[in-house]
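Chains as they are written, first to last, in the numbering used here: chain B, 112 to 350; chain E, 1419 to 2117. In what follows, a single structure is set out as structure tokens and then discussed.
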Ligand SMILES: Cc1cc2nc3c(=O)[nH]c(=O)nc-3n(C[C@H](O)[C@H](O)[C@H](O)COP(=O)(O)OP(=O)(O)OC[C@H]3O[C@@H](n4cnc5c(N)ncnc54)[C@H](O)[C@@H]3O)c2cc1C
Ligand code: SF4
Ligand code: SF4
Ligand code: SF4
């Protein structure tokens, strides 16, 4: 899932302080799970902003709401009329949500309430770890299921480097060396000899270097068209 | 949304919770109550010192609440899930406490209900069932007249149940409520003697027969029909109406039910030196409630088990005693009453007065000339689905048709019949619309949950010592003082008042499942919180990132939306800081509610329910400082809440710090002990610290 964390209130305040009517708009999927931008955090931020406004003697209305996901239009369609009654939308969705919503609010700006960080897992409650970088050309079958792109500080394809020390990365003692983990894991899997093969340089065009990415699935799109008659959608009724 | 804002669209918590509770299994106490009193709700309100609201919950289903608070056989307690832990909750004592506390509130609320319908209703008999029907029908705007042959209203409550158990002032509170609504009472008016049934039928649009079982069964044995042998109901009536009763010094009561116990204890109070009961049943089989038997035994009443009456012996007409025969068995293999005797084993019990208490029957002679049919066994013909007799417009309710039971069962029957009459008068079909009061209860406590629940003994009430109480008809049982009542109320596990998930908002994040100390939530595609596990602590709700969890009882949302009125107006020129204290309302004891003047107390079910947003909200509403006050160490009735609550307070400190406020404005406090007033002490200390912060940093 996508992991993010709340922006400091001072930073948010600087963004929003000149608006009169603000909606803090939460997203109840990934960023809710990481306690950054779900309904609860949206309400928390709204409360903090109201308190700040009163400290500053600024007259400001701050409300909050949330929907299940900001990355699919059906989810926010049902509340869009109400959302558009605000001067500013402070979205606590991930960057995807902010972009996506911003395209649909016309003259109303959508600002980010959180910093979107990475795709991660939840090894234990309250802890989130980056495990994949979304490079678009997965090689996990060759690296024991451990991603050197996301988890090696240097994104080395043939590691480890000389900075590995007792399983830790030279960047920080807190950080596991991904290549150490890869070697140990592949030993266990009995596939260590695979590592004698040098991995070729990567074609980064599937990643960020190729420009914005888009996946279009023709078979699904065709299905969508056929089913176009359907009125029930995830977020409610389509107009 | 006329102002163009997004606000909570939800209903007020109370309405929402009431609807939700209807759809879900009931707490076992509620399901066991013949009128489904929401025990969990009112006990929880008592624990928070909200006595008037508790009274409203009780009175909404029970018009003879005061009566029940002293004499109810409390099936709720027998069903209480706490039985699996230690002892059931003392529901009846708590009810009495709430009613006594809210007495003035209740009296001030008595109002005439405007008659809005032109239909006239007659109710024959003023026992619990007739009174209930009168109450409900008056509420609906009908003109109601009660006809009662006795000089006072109340049925068995006023004419038979002895005052040492049910003081008449207690009964009067209930009657006053009902009469205040505009119900007309015609006492000393016996139908069939003073007015004929046909006259009643002519004059009213609907009639309710609620005449109960007002006569005692006699015993067909030699010697049982001449002076010196009394029947239970006339005996109790005479005692109730303070008529002179000739009793010998050795009284023998035949029977082993609750009425027999009342007869024996009454005889004792009337001065009989020696009172003995003789019954067919063994101690275990006796139909009387165990606690009543115990109280009788305390009063030195002897009980001879497993003897059947054979003949009353006399000498020159004067009773010498009762000849009895050994009982072999009381019930047949199907559990039906069918006693067998060993005729060769007999005995003799000395006595000079014998009182027969072997059951009651009804007297329906007043129906003789009417078209209301009575069957060959002397029972009024009726349809239990509609409460209607064979004559349209004439209804029946209470023990006259249900047979002997309890007062609250008669109330249930009264509610049903009132509803039936209303539906009939409105011209609709009655079948299928009457409340059944049969609800599925939440399952018993799973063993692993029962194991981790804190043992807390039930708070006892005092009784007058047997030596004193037998010399008068004074009420022998005392009520709780506030301290004990609050303690006892805190023992309730809030069954059915716990967490529910709004599945539209749940994103299956697992937080609740991870956090619940009792393993209640089970997260699959959404979370399902299993009510039999949930202990209503509320720890999960403030953690849910989707705010998908609400608590059925006293939701945290309720605190949040009421916060500004709770904080009230804050004087801009205040000397003392405005401090909001969210206090654990369990175990606080009454003293816990007495805080310094500048501290606004917000009683909450448990500090585990406090949300970061609630704390911020208190600041937003103008508080200078906010305290979360836990009960003393070891007193918390829940498991493992400490870490989460302190984490939330720490997080709130961080957040207010980000706003430039001193983090010391919020603290998690803990009362030092239950004695004295530790809540006030810790709050005063905290208030002083906040004062210093305000002096240093400004508001
Ligand atoms: C001694 C005793 C102790 C009890 N103790 C308890 C207890 O501790 N807890 C508990 O829950 N229940 C107890 N009960 C049971 C409880 O009292 C009954 O369940 C309840 O009173 C039944 O209510 P009812 O309305 O059906 O009839 P009743 O209470 O019997 O009322 C019927 C009324 O109709 C009147 N009436 C009859 N015929 C006529 C007529 N022709 N014209 C006018 N009026 C008429 C009668 O005078 C009476 O007032 C006890 C009962 C007795 C007898
Ligand atoms: S613990 Fe409370 S809610 Fe549960 S059954 Fe007992 S009285 Fe009812
Ligand atoms: S904490 Fe809330 S969102 Fe997460 S699983 Fe439980 S109910 Fe669902
Ligand atoms: S945390 Fe408490 S309120 Fe929530 S499900 Fe568990 S027992 Fe119930």
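Using N, Cα and C, we set each Cβ at its ideal position, and we do this for glycine too. Everything numeric in this text was worked out from a predicted model, so none of it was measured.
- Closer than 9 Å at the C-beta level to chain B, one finds these residues of the stretch 1923-1945 of chain E: 1923, 1924, 1925, 1926, 1927, 1928, 1929, 1932 and 1933.
- Residue pairing by DSSP places residue 175/B opposite 135/B in a beta bridge.
- Between ligand 2 and residue 1918/E, a heavy atom-to-CB distance of less than 7 Å is absent.
- Taking 8 Å as the cut-off, the beta carbon of residue 1537/E is found closer than this to the beta carbon of residue 1623/E.
- Less than 8 Å divides the Cβ of residue 1807/E from the Cβ of residue 1799/E.
- Rounded to the nearest whole angstrom, the CA to CA distance from residue 1828/E to residue 1571/E is 15 Å.
- Straight across, the Cα-Cα distance linking residue 1913/E with residue 1700/E is about 36 Å.
- In this structure, ligand 2 has no non-hydrogen atom nearer than 7 Å to the beta-carbon of residue 1889/E.
- Here residue 175/B is near residue 154/B, since their CB atoms are less than 8 Å apart.
- Interface criterion not met: the Cβ of residue 1564/E is under 8 Å from no Cβ in chain B.
- At least one CB of chain E lies nearer than 8 Å to the CB of residue 151/B.
- Sixteen is the threshold: since fewer than 16 other Cβ atoms of the shown chains lie within 10 Å of the Cβ of residue 249/B, the residue is exposed.
- With a cut-off of 7 Å, the C-beta of residue 1446/E is classified as distant from ligand 3, since no heavy atom of the ligand falls inside that distance.
- Contact residues of the stretch 206-230 of chain B toward chain E are absent (C-beta to C-beta distance below 9 Å).
- Here residue 1775/E is near residue 1677/E, since their CB atoms are less than 8 Å apart.
- Put simply, the CB of residue 146/B is near chain E, with a gap under 8 Å to one of its CB atoms.
- 1447/E is the residue among 1447/E, 1646/E and 1987/E whose C-alpha sits nearest the C-alpha of residue 1863/E.
- At least one heavy atom of ligand 1 is found less than 7 Å from the C-beta of residue 1567/E.
- For residue 1780/E, the distance from the CB to the nearest heavy atom of ligand 3 is not below 7 Å.
- Checking the 7 Å criterion, the Cβ of residue 222/B is out of range of every heavy atom belonging to ligand 4.
- Counting the other CB atoms within 10 Å of its CB gives residue 286/B a total below 16, which places it among the exposed residues.
- In terms of Cβ geometry, residue 201/B and residue 217/B do not form a close pair [threshold 8 Å].
- When 1479/E, 1999/E and 1967/E are compared, the shortest CA-CA separation from residue 1981/E is found for 1999/E.
- With the criterion set as a beta carbon lying under 9 Å from some beta carbon of chain B, the members of the stretch 2027-2038 of chain E are 2029, 2030, 2031, 2034, 2035, 2037 and 2038, in sequence order.
- Within the same chain, 1453, 1550, 1554 and 1853 come within 7 Å of residue 1833/E by CB-CB distance, once the 5 residues on both sides are set aside.
- Under the Cβ criterion (8 Å, minimum of three pairs), the stretch 1593-1601 of chain E does not count as touching the stretch 1672-1690 of chain E.
- For residue 159/B, the residues of chain E that pass the 8 Å Cβ criterion are 2034, 2073, 2076 and 2077, in the order they occur in the chain.
- According to the DSSP assignment, residue 1447/E belongs to the alpha helix (DSSP H) that extends over 1446-1450.
- The stretch 1779-1796 of chain E makes no contact with the stretch 1596-1606 of chain E, as fewer than three CB pairs between them are under 8 Å.
- Under the Cβ distance rule, residue 320/B does not count among the residues neighbouring chain E, no pair being separated by less than 8 Å.
- Residue 206/B carries a helical assignment under DSSP once its states are collapsed to helix, strand and coil.
- By the Cβ criterion, the stretch 1965-1976 of chain E is in contact with the stretch 1906-1920 of chain E, since at least three pairs of Cβ atoms, one from each stretch, lie closer than 8 Å.
- Remark: C-beta atoms of residue 1746/E and residue 1730/E do not approach each other more closely than 8 Å.
- Proximity of chain E to residue 170/B at the Cβ level (cut-off 8 Å) is not reached, the minimal Cβ distance being about 15 Å.
- Taking 7 Å as the cut-off, the C-beta of residue 1972/E does not count as close to any heavy atom of ligand 4.
- Relative to ligand 4, the beta carbon of residue 1960/E is positioned no closer than 7 Å to any heavy atom.
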